[in-house]
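In our numbering, the protein residues as written are 4 to 169. Here the structure is laid out as structure tokens; the discussion comes afterwards.
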């Protein structure tokens, strides 16, 4: 089993107002494609309620760095009270969504994600020693990179949502 280390924990973005759920999803999807992550959609639920749609999407894109190290970013999008509205902007009609959105971003560093170092007890002990003394400077660079990827995603989402405020 892989060893998981949490690098970025529960970076939350909350928003209430006009926005486009499909454009938000597209922004996140394109960002991960641009930086070389493979997309995994864990959950996609859409429920129609009297007060509006409830949408929950959970993505866990990953990027394999080496045979030993893998980045995983967990993005959870929770939208509630989503209603479709039509507005006029610059003489054009736009179809947007009105409601509440919460985006939660977590970043993980998986080591030994293939489980090669756990086949024998001796390998398990060796892995612990290697992680502590040999791989520490290397994984430090990886931790900084995954934290940077998560922070860039959060700032892209905030900038995207701020477009709809004006």
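Glycine included, every Cβ here is placed at the ideal spot set by N, Cα and C. Computed from a predicted structure; not experimentally measured.
- Non-local beta-carbon contacts of residue 134 in its own chain, meaning distances under 6 Å to residues more than five positions away in sequence, are absent.
- The beta carbon of residue 110 sits closer than 6 Å to the beta carbons of 10, 11, 76, 149, 153 from its chain, once the five residues preceding and following it are set aside; these are given in chain order.
- Residue 57: not part of any alpha helix (DSSP H); member of the beta strand (DSSP E) spanning 55-62, first to last residue.
- When only Cα atoms are considered, residue 27 and residue 71 end up about 32 Å apart.
- With three or more CB-CB distances shorter than 8 Å, the segment 14-21 counts as touching the segment 95-113.
- Secondary structure of residue 76 (DSSP, three-state): strand.
- Contact between the segment 73-89 and the segment 40-56 is present: three or more C-beta pairs spanning the two stretches fall below 8 Å.
- The Cβ atoms of residue 24 and residue 82 sit closer than 8 Å to each other.
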